[in-house]
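In my numbering, the protein residues as written are 200 to 810. Yeah, the Cβ is synthetic: ideal placement off N, Cα and C, and Gly gets one too. Quick caveat: nothing in here was measured; it's all calculated off a predicted structure. Written below as structure tokens is the structure these notes are about.
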Amino acid sequence: MAYKSLAECVSDLEKHGHLLRIKDEVDPYLEMAAIHLRVYESNGPAIFFEKIKGSPFPAVSNLFGTLERSKFIFRDTLPKVQQLVSLRNDPIKALKNPFKYAGSAMSALSALPLKTPSAKNNFLKTTISKLPQIVNWPMDGGPFVTMPQVYTEDVEKPGVMNSNLGMYRIQLGGNEYIQDKEIGLHYQIHRGIGVHQSKANALGQPLKVSIFVGGPPSHPLAAVMPLPEGLSEMTFAGALGDRRFRYFYDDEGFCISADADFIITGMVYPNENKPEGPFGDHLGYYSLTHPFPLMKISNVYHRKDAIWSFTVVGRPPQEDTSFGALIHEITGSAIPQEIHGLKEVNAVDAAGVHPLLFAIGSERYTPYLKGRKPQEILTIANHILGKNQLSLAKYLFIAAREDDEQLTTHNISAFLQHVLERIDFKTDLHFYTNTTIDTLDYSGDGLNSGSKVVFAAAGEKKRNLWTELPEGIIFPAGFENARVAIPGIFTLSAPLYQNQEKTAAEIALLNMAVMDLDLSGFPLIVLCDDSTFAAQTINNLVWITFTRSNPAADIFGINDFTINKHWGCKGSLIIDARKKPHHAPELIKNDEVEKRINKLAEEGGPLSGII
Numbered sequence: 200m201a202y203k204s205l206a207e208c209v210s211d212l213e214k215h216g217h218l219l220r221i222k223d224e225v226d227p228y229l230e231m232a233a234i235h236l237r238v239y240e241s242n243g244p245a246i247f248f249e250k251i252k253g254s255p256f257p258a259v260s261n262l263f264g265t266l267e268r269s270k271f272i273f274r275d276t277l278p279k280v281q282q283l284v285s286l287r288n289d290p291i292k293a294l295k296n297p298f299k300y301a302g303s304a305m306s307a308l309s310a311l312p313l314k315t316p317s318a319k320n321n322f323l324k325t326t327i328s329k330l331p332q333i334v335n336w337p338m339d340g341g342p343f344v345t346m347p348q349v350y351t352e353d354v355e356k357p358g359v360m361n362s363n364l365g366m367y368r369i370q371l372g373g374n375e376y377i378q379d380k381e382i383g384l385h386y387q388i389h390r391g392i393g394v395h396q397s398k399a400n401a402l403g404q405p406l407k408v409s410i411f412v413g414g415p416p417s418h419p420l421a422a423v424m425p426l427p428e429g430l431s432e433m434t435f436a437g438a439l440g441d442r443r444f445r446y447f448y449d450d451e452g453f454c455i456s457a458d459a460d461f462i463i464t465g466m467v468y469p470n471e472n473k474p475e476g477p478f479g480d481h482l483g484y485y486s487l488t489h490p491f492p493l494m495k496i497s498n499v500y501h502r503k504d505a506i507w508s509f510t511v512v513g514r515p516p517q518e519d520t521s522f523g524a525l526i527h528e529i530t531g532s533a534i535p536q537e538i539h540g541l542k543e544v545n546a547v548d549a550a551g552v553h554p555l556l557f558a559i560g561s562e563r564y565t566p567y568l569k570g571r572k573p574q575e576i577l578t579i580a581n582h583i584l585g586k587n588q589l590s591l592a593k594y595l596f597i598a599a600r601e602d603d604e605q606l607t608t609h610n611i612s613a614f615l616q617h618v619l620e621r622i623d624f625k626t627d628l629h630f631y632t633n634t635t636i637d638t639l640d641y642s643g644d645g646l647n648s649g650s651k652v653v654f655a656a657a658g659e660k661k662r663n664l665w666t667e668l669p670e671g672i673i674f675p676a677g678f679e680n681a682r683v684a685i686p687g688i689f690t691l692s693a694p695l696y697q698n699q700e701k702t703a704a705e706i707a708l709l710n711m712a713v714m715d716l717d718l719s720g721f722p723l724i725v726l727c728d729d730s731t732f733a734a735q736t737i738n739n740l741v742w743i744t745f746t747r748s749n750p751a752a753d754i755f756g757i758n759d760f761t762i763n764k765h766w767g768c769k770g771s772l773i774i775d776a777r778k779k780p781h782h783a784p785e786l787i788k789n790d791e792v793e794k795r796i797n798k799l800a801e802e803g804g805p806l807s808g809i810i
């Protein structure tokens with residue numbers, strides 16, 4: 200649909216039964232987020248909050264809470280945009296079949312941004328403190344914008360066509376920020392805005408930043424899309440929304456999205472930072488307080504009928520999971536087309552996205568040799584770990600397409616079993632030490648610091664995976680309650696983690712206890728604090744295993760060895776996924792707030808029949 204505003208989208212969703220309207224006043228401190236989480240968990244509708252304590256503005260959330268609703272929102276434009284993205288990745292298609300793809304060129308042309316100076320008259324001014332001060336989790340450092348579109352331009356090549364539109368979280372208050380005058384930006388330096396800031400810093404200039412909230416739903420989606428090189432977010436937003444991205448510049452030279460509901464403008468000066476966070480994040484833990492760029496406020500604009508848009512992030516699945524599913528619908532095989540030999544890649548949402556990647560590639564090297572072993576897929580693995588957001592991964596499991604043409608990276612259990620049936624832990628583990636990982640991941644030894652490992656599997660099955668533990672295993676004191684999670688993997692409750700030295704001694708005892716036992720059907724053992732919880736579901740297993748471990752520090756093995764600086768093991772692999780003192784705390788809901796939400800679900804309440 201060619202929505203002109205967020206209000207039009209809200210009206211359309213309500214008309215078709217996709218929106219819940221809450222008329223009672225709600226508290227932006229924890230309550231709105233708790234309502235959102237419960238409605239999302241129930242596969243419920245988008246939520247419109249009419250009255251927010253302390254703010255004159257209404258708000259909407261869960262717009263993209265299901266893939267079906269997202270497809271409904273973009274029901275008239277999705278096929279055209281899929282074609283447009285496909286052409287950017289493989290333009291030869293248009294040359295081979297110009298009549299089939301002629302419409303795509305026209306879609307791109309009609310989606311070019313449109314300057315509309317007269318739209319200035321549609322905006323009023325407000326202050327940061329009058330915006331909905333939404334706090335999602337009890338330990339959050341303050342209210343955050345969780346669905347922003349952060350706009351910057353290249354200082355060397357100014358203009359909307361050389362701009363970047365990204366979704367980076369914004370802290371509106373708390374910590375050391377001066378209320379209504381300063382806010383915090385959290386982003387990683389390799390993002391588009393980071394490149395723009397680096398250029399501005401080198402010239403000793405402040406970077407102009409415009410933060411858009413709301414607007415047609417195509418705008419926030421454009422801000423998170425991994426677009427092909429040369430396809431601008433503004434053009435993509437226009438094509439997806441079937442409405443050109445309208446903009447103008449205010450009297451201070453800031454770009455203003457004419458269709459946005461709110462716009463916050465300000466300057467980021469070189470080397471001016473303040474503490475940002477904590478913030479409950481998508482790994483299921485808090486990201487802690489660290490210095491991040493400070494933005495000094497110039498103006499806060501809003502439309503006359505403005506609606507604040509927000510989401511809640513936390514342990515997956517969440518609304519950003521559905522966002523990811525929509526992105527996959529649009530981009531399809533975009534990344535595999537950019538990496539020769541890559542057939543499929545999946546950032547596993549249940550493991551917090553960045554900690555765990557599954558991939559399938561071709562294994563065609565030395566076809567004249569009998570049997571197959573990881574060769575080409577190791578080259579592909581290096582490409583993957585050097586590619587954009589994929590470079591943040593810690594664990595990469597990669598398999599050869601030739602071993603199973605039906606294999607998919609989207610069945611977590613089946614993919615893990617396929618790899619564990621074929622991997623040789625003496626040769627097929629490859630570590631990257633002292634490298635960068637996700638800023639939000641605290642399993643390493645410092646901010647952005649940790650390690651990576653590739654599990655590569657190619658060739659015939661080497662073992663059958665077991666579903667039951669052998670009888671008579673006696674584990675050392677403190678190791679107990681072994682639970683089979685999936686065939687080939689069992690979890691084991693271990694003593695409370697103390698330090699690396701103590702861990703080495705514990706692993707040595709475990710090694711001695713099972714060294715001479717046949718555990719060939721369980722190539723992977725996961726040490727954890729609660730083995731029952733970790734083995735309860737596949738989502739629990741991958742979340743615990745891959746968010747609470749740093750490969751180089753926390754991988755061990757039965758009968759391990761090092762030859763020519765290559766580490767391997769002759770027996771089962773062990774991943775220590777216990778909580779460590781340097782880990783960030785996990786997200787826990789507030790009991791009192793949950794009780795209030797339960798009352799809203801009682802008969803006659805606004806959430807009755809929804810949750």
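DSSP-derived helix/strand/coil call for residue i
i: His527; result: helix
i: Ser417; result: helix
i: His215; result: coil
i: Gly570; result: coil
i: Gly804; result: coil
i: Lys661; result: coil
i: Asp627; result: coil
i: Ser508; result: strand
i: Thr607; result: coil
i: Tyr696; result: coil
i: Pro750; result: helix
i: Ala704; result: helix
i: Gln378; result: coil
i: Ala310; result: coil
Residue(s) in a DSSP beta bridge with residue i
i: Ser612; result: DSSP lists no partner for Ser612.
i: Leu716; result: In DSSP, Leu716 forms no bridge with anything.
i: Val467; result: Leu406, Met494
i: His765; result: Ile762
Euclidean distance between Cα positions of residue i and residue j
i: Pro278; j: Leu439; result: 9 angstroms
i: Phe674; j: Thr488; result: 40 angstroms
i: Asp504; j: Glu801; result: 32 angstroms
i: Asp623; j: Ala656; result: 8 angstroms
i: Gln588; j: Tyr631; result: 17 angstroms
i: Thr163; j: His781; result: With the chain covering only 200 through 810, there is no way to say anything about residue 163.
i: Asp361; j: Glu207; result: The sequence given here places Asn at residue 361; Asp does not occur at that position. Cα-Cα distance, rounded: 29 angstroms.
i: Asp223; j: Lys250; result: 6 angstroms
i: Ala310; j: Lys270; result: 20 angstroms
i: Ser254; j: Ile538; result: 48 angstroms
i: Glu366; j: Thr510; result: It is worth fixing the name first, because residue 366 is Met in this sequence and not Glu. Looking at the two C-alpha atoms, the distance is approximately 12 angstroms.
i: Arg220; j: Pro805; result: 8 angstroms
i: Lys203; j: Phe273; result: 13 angstroms
i: Asp644; j: Lys779; result: 11 angstroms
i: Asn400; j: Leu426; result: 26 angstroms
i: Met433; j: Gln281; result: 16 angstroms
i: Val512; j: Phe478; result: 9 angstroms
i: Leu723; j: Tyr485; result: 28 angstroms
i: Lys314; j: Gln332; result: 32 angstroms
i: Gly671; j: Ala783; result: 37 angstroms
Integer Cβ distance of residue i from residue j, believed to fall under 8 angstroms
i: Phe247; j: Val238; result: With a Cβ gap of about 11 angstroms, Phe247 and Val238 do not count as contacting.
i: Val241; j: Ile810; result: Position check: residue 241 holds Ser in this sequence, whereas Val was assumed. Right, their Cβ atoms sit about 5 angstroms apart.
i: Tyr350; j: Ser409; result: 4 angstroms
i: Thr690; j: Ser730; result: 4 angstroms
i: Lys398; j: Val359; result: In fact, because the Cβ distance is near 17 angstroms, the residues do not count as touching under 8 angstroms.
i: Met742; j: Gly341; result: Residue 742 is actually Trp in this sequence, not Met. 27 angstroms between Cβ atoms; not a contact.
i: Leu555; j: Val547; result: 4 angstroms
i: Ala201; j: Asn335; result: Incorrect: roughly 32 angstroms between the Cβ atoms, too far for contact.
Residue range of the alpha helix (DSSP H) that includes residue i
i: Lys250; result: Run containing Lys250: none in the alpha helix (DSSP H); it sits in the beta strand (DSSP E), 245 to 251.
i: Ser650; result: Note, Ser650: premise wrong, no alpha helix (DSSP H); beta strand (DSSP E) at 648 to 656.
i: Trp742; result: 737 to 746
i: Phe271; result: 266 to 272
i: Lys794; result: 790 to 799
For residue i, the first and last residue of its enclosing beta strand (DSSP E)
i: Ser397; result: Not the beta strand (DSSP E): Ser397 falls in the alpha helix (DSSP H), residues 391 to 401.
i: Leu157; result: Absent from the structure is residue 157, since the part of the chain shown begins at 200 and ends at 810.
i: Ile597; result: 594 to 599
i: Asn335; result: Here Asn335 belongs to no beta strand (DSSP E), and DSSP marks it neither H nor E.
Any chain D beta carbon closer than 8 angstroms to residue i
i: Ile688; result: Of the protein chains in the structure, only one exists, and it is not chain D.
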